[in-house]
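One structure below.
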Amino acid sequence: MAELHPDLYKDFEVHPLVFSHVFEKFDGHSRDAEGYDVAVRVCRPGALSGSKASRVFRLVLSNPISDFGVAKRSASQYGVDIIDGKVEGATVQDL
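Residue numbers for the sequence shown follow full-length UniProt numbering, so the first one is 1 and each next one is one higher.
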């Protein structure tokens, strides 16, 4: 789903990224409807993806998120937490 207007927070754009989780069962079969993995792209307004003014952070969870809306909100909150300096090892100060 394309997001036409990203969230703006403290002069950064926050783009939530939600991906279908691929679950590998112990017997080798896979299912795609197991939930969602999330990441967030934080950038300066108008920055192109992949530029030095843009960075993607993956939220590592032990289990996928089952609801798309919750996954999207989690990604957005993760971006806000990174901007606020609450996530160890993740920074956007140099963007």
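Quick reminder that beta carbons are idealized off the backbone N, C-alpha and C, glycines included.
On a Cα-Cα basis, can you pick out the residue from the options that is closest to residue i?
i: D37; options: A71, G79, E88 and G89; result: A71
Go ahead and label residue i buried or exposed: buried means 16 or more other beta carbons lie within 10 angstroms of its beta carbon, across all protein chains shown.
i: M1; result: Note that M1 has pLDDT 47, beneath the 50 cutoff, so the model's placement of it is unreliable and no number is given.
i: V92; result: buried
In the DSSP assignment, find the unbroken alpha helix (DSSP H) run with residue i in it and report its ends.
i: A75; result: F68 to I83
Which residues in the same chain have their Cβ closer than 6 Å to the Cβ of residue i, if we skip the five residues on either side of it in sequence?
i: L59; result: V38 and Y78
At what residues does the beta strand (DSSP E) containing residue i begin and finish?
i: L59; result: S54 to L59
i: H15; result: F12 to S20
i: V38; result: Y36 to C43
i: A48; result: Note on residue identity: the sequence assigns Leu, not Ala, to residue 48. Neither: L48 is in no beta strand (DSSP E) and is coded neither H nor E.
For residue i, collect the residues of the same chain with a Cβ closer than 7 Å to its Cβ; drop the 5 residues on either side in sequence, then sort them by chain order.
i: A75; result: P16, L17, V18, V38, A39, V40 and L59
Between residue i and residue j, how many whole angstroms is the CB-CB distance? I'm expecting something under 8 Å.
i: A53; j: L95; result: 5 Å
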